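Residue numbers (my numbering), protein chains in the order written: chain A, 8 to 224; chain B, 8 to 224.
Backbone N, C-alpha and C fix where the C-beta goes; we use that ideal spot for every residue, glycine too.
Quick caveat, the model's predicted, so the values are computed rather than measured.
Down below is the structure, laid out as C-alpha cells.
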DNA sequence: CATACCCACATGTGATCACAAATGCCAAAA
DNA sequence: TTTTGGCATTTGTGATCACATGTGGGTATG
C-alpha cells in the first residue's frame, strides 16, 4: 500500500514546532528587543528538550531574529538607528516590486479582504493595541504580496519584518503612531485603478513612514 | 583582571566551524545541486558529533542553502527556472543599490583591487576552472559591496548567492560562459568616473547576463 | 520484462549527561 | 558609599544512546 490511511498525517518535529512558535512570538512583537532567552527556558516553555530548542535558535539566528553573543547568550536583537534605516531601505526596494507583481493578479476578492484587514488596523489603533496593530499590519502586506507568486522574495521581506518586530514593539508603545490605514487606502485605490506607479509609490510611502516613526524623535 | 592575556583568544564552537565550512563549500560550488547530505556524514567529515552538525544544517536551511525534505533528508537544493529568475530579480534589485552606496567610498585602492580580481576571473575563464571563476566573481562583488557600509543588505545578497551557487556550478560546467569581465570593466569604468547611473546599469547588466546563462538554451 | 513486496540498513530525532565557562550576587575592603 | 574579589549558580556545548521511520535493494510474483 502506498499510504497508511487517507489522513496524510504528518508529525511535526519538536524543533520545527519550537521554531514556529518562537518565530511567531518574535514576529508579532510579543518578545521585546533586548529580552534575554535561554536554551533551557525555551525548551521548557514548549515542552521539549534542549536539543530541538537549540536547533530552533540556530535557525532564528540565521534569520537575524535573535542575536547570539560571543559567549552563546541569546537575546532579541536591539537594533541601532543605522540598522533600522538599512532594513527599511531593503523593504523599500523589495516591497514595491512585490506589490507590482501582485497587481495583475489582484482581483476584487483580494481587495475586499485588504479592506477588511485595514478596518482591523484602524480598530487596533483606536483601541491602542500595539500587538494587534502590528499583527494586522503585517497581514495586510503579506496578503497582498502572496499574490506576487514570488516566494523567495516574500521570504526575504518576512525576514526583514522579523528583525524589525521586537524593536518596533518597544517603540510603538512609546510613540504616537500615524495612521497607517491612510497609506493602505492609497494602496487599495491604486490596486482598484490598476495604477502600477501609484501602487509602488503608496507602498514605498507606507514603508518610509513607518521608518520615520522609529528613527525620528 | 579584565583579560587573561593580550591574545584575545576565542574558541570557535564546533557548530560554528561546521557551519562556516559547509557554507563555504556550498557558496563556492564545491557541492553540486541535488547532492545528498547526511547529518552523520557532515559530522564525521568535520570531526564533530551529530549535535553541532545538526545545528549547522539548521542554520543553512534557514538561509535556503540546503533543502530539507519532509522526512528530514538534506540536499543541496535543485532550483526551478522560476526560482532562479526570482533570485536573479532580487539580485537586480539589491546589488545596484549596494554599488550605488559604495560609489562615494570607492577610492583608487579599491578600484585597483577590483581590477586585480577581474584579471583572476579572466584567467579562470581561459583555464576553464569553474570553481575558481565563481569564487573570484563573488569576491569581485563582495569587495565592492563591502564599501557600501550596509551589512544587512550585503548579508541578504550573500544569502541569494548561496542559494544560487550549487545550481550555477552544475550549469557553468555545461554551458559556455560569457566573459563577465567585460561587464566588470564597465563597472570599474563607472566607478572611476563617479557615474552612478552607469554603475547601477553595469551591475544590473552583469546580474542579468549571468541569469541568462542559467535559464536560456 | 515489469511490478509489488519485504527486510536489512541508514538516517533523523530527541533526551540526557558531563563539563567548562560565563554570569551575577554577596561580602569584604578601601 | 564604591569598588573589588571570589564563589555558587546558571548556561551553552558537545557527545552518546535508544528509538522510530524512511530508504533502497533484492527477490518473488504476475
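| Item | Value |
| --- | --- |
| For residue 19/A, the three-state DSSP class (helix, strand or coil) | coil |
| For residue 146/B and residue 36/A, the rounded distance between their alpha carbons | 37 Å |
| C-alpha distance - residue 118/B paired with residue 191/B, whole-angstrom precision | 11 Å |
| Reduced DSSP secondary structure (H/G/I, E/B, other) of residue 45/B | coil |
| Inter-residue spacing [alpha-carbon to alpha-carbon] between residue 143/A and residue 101/A | 20 Å |
| Burial state of residue 210/A, where buried means 16 or more other Cβ atoms lie within 10 Å | buried |
| Beta bridge counterpart(s) of residue 3/B as assigned by DSSP | Given that chain B is displayed from residue 8 to residue 224, the structure contains no residue 3/B and the question cannot be resolved. |
| Chain-order list of residues whose beta-carbon lies under 6 Å from that of residue 25/B (same chain, five-residue window excluded) | 53, 55, 59, 60, 63 |
| Three or more C-beta pairs below 8 Å linking the region 192-210 of chain B and the region 92-108 of chain B | yes |
| C-beta atoms of residue 30/B and residue 67/B nearer than 8 Å | yes |
| Closer than 7 Å at the beta carbon, the chain A residues around residue 100/B | 100, 101, 104 |
| Burial state of residue 111/B, where buried means 16 or more other Cβ atoms lie within 10 Å | exposed |
| Own chain partners of residue 28/B with C-beta closer than 8 Å, once the 5 adjacent residues on each side are dropped | 53 |
| Min CB distance residue 58/A to chain B below 8 Å | yes |
| Any chain B beta carbon closer than 8 Å to residue 163/A | yes |
| Distance CB(residue 141/B)-CB(residue 175/B) smaller than 8 Å | yes |
| Buried or exposed (CB count within 10 angstroms, at least 16 for buried), residue 51/B | exposed |
| Contacting positions in the region 79-94 of chain A - beta carbon closer than 8 Å to chain B | 79, 90, 93, 94 |
| 8 Å Cβ cutoff met for residue 41/B and residue 85/B | yes |
| Pick from 95/A, 202/A, 33/A that is closest to residue 73/A, judged by C-alpha positions | 33/A |
| Beta carbon of residue 214/B nearer than 8 Å to that of residue 98/B | yes |
| Proximity winner among 77/A, 96/A, 82/A, 187/A, relative to residue 158/B (alpha-carbon distances) | 96/A |
| Any chain B beta carbon closer than 8 Å to residue 207/A | no |
| CB-CB length for residue 131/A against residue 80/A, believed under 8 Å | The Cβ separation is near 33 Å, so there is no contact. |
| 8 Å Cβ cutoff, residue 34/A in contact with chain B | no |
| Simplified DSSP assignment, three categories, for residue 108/B | helix |
| Interface flag, residue 97/B vs chain A, CB-CB below 8 Å | yes |
| Where residue 191/B sits in the DSSP three-state scheme | helix |
| Chain B contacts from the region 150-176 of chain A (Cβ-Cβ distance under 7 Å) | 157, 159, 160, 163 |
| Alpha carbon of residue 11/A to alpha carbon of residue 75/B, nearest angstrom | Summary for residue 11/A: the model assigns pLDDT 37, below 50, so the residue's position carries little reliability; its value from the coordinates is reported in the next sentence. Spanning the two alpha carbons is a distance of roughly 23 Å. |
| Terminal residues of the alpha helix (DSSP H) in which residue 146/A lies | 137-153 |
| Residue 188/B versus residue 88/A - alpha carbon distance | 37 Å |
| Classification of residue 152/B by the beta-carbon crowding that lies within 10 angstroms, buried from 16 upward | buried |
| DSSP-derived helix/strand/coil call for residue 204/A | helix |
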